[in-house]
Amino acid sequence: MRKETPAQEARRHMKEVRELTRLQKSAARPALVHGFWFLLIVLTIIYIADEISSNVNTVMKPYMIFDLFHVPNSDASSEIYGSAISVMAVATIPTYITTAINPLYRTLADRFGRKIFLVINTLGMGIGLLISMFAPNVYIFIVGSCITGFFTPNDMQVIYLMETAPIQHRAKLCSITKGIGLMSVSLIGVFRTIFYDPNNLPSWRMVYLIPVLIAVIIAFIAMIFTKETPVFLKKRIDYLQKTDEQRAEEAARASQGNGSIKEAVRYIFHSRQLRMVALVLFIFSIAVALSGYVAEVLLAGGHMTDSDMNLFYIIEPLVYAVCAFFSGFATDALGRKNSGVLFGILAILGQTVFVFGAKIGIGPVALAVANGIMYGGLWSLSDLLFLVLPGESAPTHIRATVMAVISYAYISNLIVSMLIGIFYPYIGSAKIGVFQLCFFVPIILFSILFLKLKVKETKGTDLSKVGEEEN
Numbered sequence: 009m010r011k012e013t014p015a016q017e018a019r020r021h022m023k024e025v026r027e028l029t030r031l032q033k034s035a036a037r038p039a040l041v042h043g044f045w046f047l048l049i050v051l052t053i054i055y056i057a058d059e060i061s062s063n064v065n066t067v068m069k070p071y072m073i074f075d076l077f078h079v080p081n082s083d084a085s086s087e088i089y090g091s092a093i094s095v096m097a098v099a100t101i102p103t104y105i106t107t108a109i110n111p112l113y114r115t116l117a118d119r120f121g122r123k124i125f126l127v128i129n130t131l132g133m134g135i136g137l138l139i140s141m142f143a144p145n146v147y148i149f150i151v152g153s154c155i156t157g158f159f160t161p162n163d164m165q166v167i168y169l170m171e172t173a174p175i176q177h178r179a180k181l182c183s184i185t186k187g188i189g190l191m192s193v194s195l196i197g198v199f200r201t202i203f204y205d206p207n208n209l210p211s212w213r214m215v216y217l218i219p220v221l222i223a224v225i226i227a228f229i230a231m232i233f234t235k236e237t238p239v240f241l242k243k244r245i246d247y248l249q250k251t252d253e254q255r256a257e258e259a260a261r262a263s264q265g266n267g268s269i270k271e272a273v274r275y276i277f278h279s280r281q282l283r284m285v286a287l288v289l290f291i292f293s294i295a296v297a298l299s300g301y302v303a304e305v306l307l308a309g310g311h312m313t314d315s316d317m318n319l320f321y322i323i324e325p326l327v328y329a330v331c332a333f334f335s336g337f338a339t340d341a342l343g344r345k346n347s348g349v350l351f352g353i354l355a356i357l358g359q360t361v362f363v364f365g366a367k368i369g370i371g372p373v374a375l376a377v378a379n380g381i382m383y384g385g386l387w388s389l390s391d392l393l394f395l396v397l398p399g400e401s402a403p404t405h406i407r408a409t410v411m412a413v414i415s416y417a418y419i420s421n422l423i424v425s426m427l428i429g430i431f432y433p434y435i436g437s438a439k440i441g442v443f444q445l446c447f448f449v450p451i452i453l454f455s456i457l458f459l460k461l462k463v464k465e466t467k468g469t470d471l472s473k474v475g476e477e478e479n
C-alpha cells in the first residue's frame, strides 16, 4: 500500500471524523416508523419489485418484437422474428460490460452501507422498466433492459433482512420473503390479462406500468422510513474509532490479509473445492441460457390462445415458488450434493415435458406446471452453486468477495445466449424448443454428475473454521 503524505493523512482523518459523526447520529436517531414488521413489509415489497423486474422483459419480449419490428400477424415463427432476435443479440453485446462490473458494484455495500444501495437498486429497477416501457425502438428497449438487469441481481434486500431479523427467525423470514417474491411473478400474467390487447400491439407497454410504480414508490418509502442496519453501523463505527495502528495490527493478525478481490481470486485458485464449484458453475450456466425461450416455444406450438398465455404466466410462477420454498428443506435434509442432483433431475423432467407438451398442445395448466418445476429445479440448483457452496467453502473475511468473484463463471451463459441469438434465424421458433432440449439435458446431467463426484459436501460446516485446513 502506498504511504500517505501528512496532508493526505490529515484529509483522510477529517473525512473519517465526519463519517463517524454522521453514523453515530444515524445510530442514535429513532426510526420514523417503529416495528420490525413494517420493515419486513417494505423488504418484501422490494423483493416483489425485484422478481417482477427480473421476469417482465423476458415474458413481454415477443410482443415488444412484434410491435417494434412490425412482425406481420404477430408470428413468432416468421423470418422477420428470427432476424429481430439476431439484431437484439448483436446490439446487446456492448451491454455485457455491466455484467463484468456488477460484482465489483456489490462490494461497495461493505463500504457505504446497505440502505443507500437498497434504495438505489430498487429505484434503478423502476427506471430501467420505465425506459423499456416508453422505448421508441429496440435499442432503447435494450438500454432499459440493461439497466434493469444491472440492479436486479444484487438482492440487497436479502442482506438487509439478514442483518436486521432476529437470529432465531432469520432463515424462516428469508425463505418467506423469497417465496412471496417468487409468487408475485404471477402478477405479470394478471397485468397481461388487464392491460395487453393482442389487437393493439403497443398495449404491451402498459404491462410495465404497475411494476414501475411499485419500484419507484417503495424506493422512496425505504429512503424515508428505514435506517441503516445495526450490524453495518456497529461494524463501521467500530472501525472508524480505531487508530491507524490498531487497524494495521488487525490486518496483520488476519490469516489471509484484508479481504481484497486479489486475495479472493488467489484463494479460489488455491482451493480445489472452489475451483471445482467454479467449473460446475461455468458448465451449468450454459444450461440456464438454454431455458430462456419459453414464450417462443409456446407461440410456435400454435396451440396457445392469448388467454391461455395469460393463464400460463399466472400458474407457472406459483409452481416455481412452491418448489423454491421447499428447496431449502431438501438442501438441509439431503445435503448439498444430493439435493443438487434432485434439483437437476427435476429441471430435466420439467423441461422435457414442457418442450414436447407445447408441440402436442397439452394445455396451459400442464405446461405451466412442467415449466414451473423446471425453473424450480434449475434456480434451486443455481442458488446452491452460486450461494450455498461458495459461501460454505470460503473463509469469513473474504466470503462475500469470493461469492462475487465466482459469479463471473456466468460468462458462459452470456456467450451462449449471444450465439443463440445470432444464429436464431437458422434455428427458428419452431425448432428452438427441441434445440434447447438437446443441449440442456446433457449439460445438466454433466453438471450434477461433476457436482456429485468432484465437489465436497459442505452440510454442517462451521463457517468460523473454513480455511483453517488445506482443501
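Counted from 1, the sequence shown has number 32 at position 24 by our numbering; the numbering is strictly sequential.
Even glycine gets a Cβ: it sits at the ideal position worked out from N, Cα and C.
According to DSSP, is residue i part of a helix, a strand, or is it coil?
i	result
Asp58	helix
Lys23	helix
His311	coil
Lys460	helix
Ile452	helix
Asp83	coil
Glu17	helix
Glu253	helix
Ser153	helix
Val64	helix
Val98	helix
Gly90	helix
Phe158	helix
Pro70	helix
His177	helix
Lys33	helix
Phe77	coil
Met11	The sequence given here has Lys at residue 11, not Met. Three-state DSSP puts Lys11 in coil, outside helix and strand.
Gly136	helix
Lys467	coil
Phe43	Position check: residue 43 holds Gly in this sequence, whereas Phe was assumed. In this structure, Gly43 counts as coil in the three-state DSSP scheme.
Tell me which residue opens and which closes the alpha helix (DSSP H) that residue i is part of.
i	result
Arg213	Counting along the chain, Arg213 falls outside any alpha helix (DSSP H), and DSSP gives it neither H nor E.
Asp118	117–120
Gln165	164–170
Asp391	372–391
Ala366	344–368
Val480	Residue 480 falls outside the range modelled here, since the chain spans only 9 to 479, and no answer is possible.
Glu400	No alpha helix (DSSP H) holds Glu400; DSSP gives it neither H nor E.
Lys270	269–278
Pro144	Careful: Pro144 lies outside any alpha helix (DSSP H) and carries neither H nor E.
Tyr416	Run containing Tyr416: none; DSSP gives neither H nor E here.
Thr107	104–114
Can you tell me whether residue i is buried or exposed, with buried defined as 16 or more other CB within 10 angstroms of its CB?
i	result
Thr313	exposed
Tyr328	buried
Leu459	buried
Asn207	exposed
Gln249	exposed
Trp387	buried
Gly15	Here residue 15 is Ala; the residue named in the question, Gly, does not match the sequence. Classification for Ala15: exposed.
Ser263	At Ser263 the pLDDT is 45, less than 50, meaning the model places this residue with poor confidence; the figure from the coordinates comes in the next sentence. Burial call: exposed.
Met22	exposed
Phe158	buried
Gln281	buried
Asp75	buried
Ala341	exposed
Leu354	buried
Ile540	The requested residue 540 is not part of the displayed model; the chain covers only 9 to 479.
Gly468	exposed
Gln444	buried
Val25	exposed
Ala18	exposed
Arg407	buried
Asp470	exposed
Gly43	exposed
To the nearest whole angstrom, what separates the beta carbons of residue i and residue j, a pair I think is in contact under 8 angstroms?
i	j	result
Pro70	Glu304	6 angstroms
Val79	Ile73	6 angstroms
Gly189	Glu59	4 angstroms
Gly310	Gly352	Contact flag wrong, Cβ pair sits at about 31 angstroms.
Ile381	Ala230	Contact doesn't hold; Cβ gap of about 34 angstroms is too wide.
Asn65	Ser140	6 angstroms
Val413	Pro111	6 angstroms
Phe167	Arg122	It should be pointed out that residue 167 corresponds to Ile in this sequence rather than to Phe. Their Cβ separation, rounded to whole angstroms, is 6 angstroms, which keeps Ile167 and Arg122 in contact under 8 angstroms.
Ala308	Ala108	Wrong, their Cβ atoms sit about 33 angstroms apart, outside the cutoff.
Ile56	Met96	Not quite, the Cβ-Cβ distance comes to about 27 angstroms (not below 8 angstroms), so this is no contact.
Ala223	Leu131	7 angstroms
Item to complete: Jot down the residue ranges of each uninterrupted alpha helix (DSSP H) in the region 180–241, minimum 4 residues, whole runs only, in chain order.
Response: 194–203, 217–233
Worksheet item: Could you give the uninterrupted runs of the alpha helix (DSSP H) lying entirely in the region 293–340, keeping only those of 4 residues or more?
Response: 302–309
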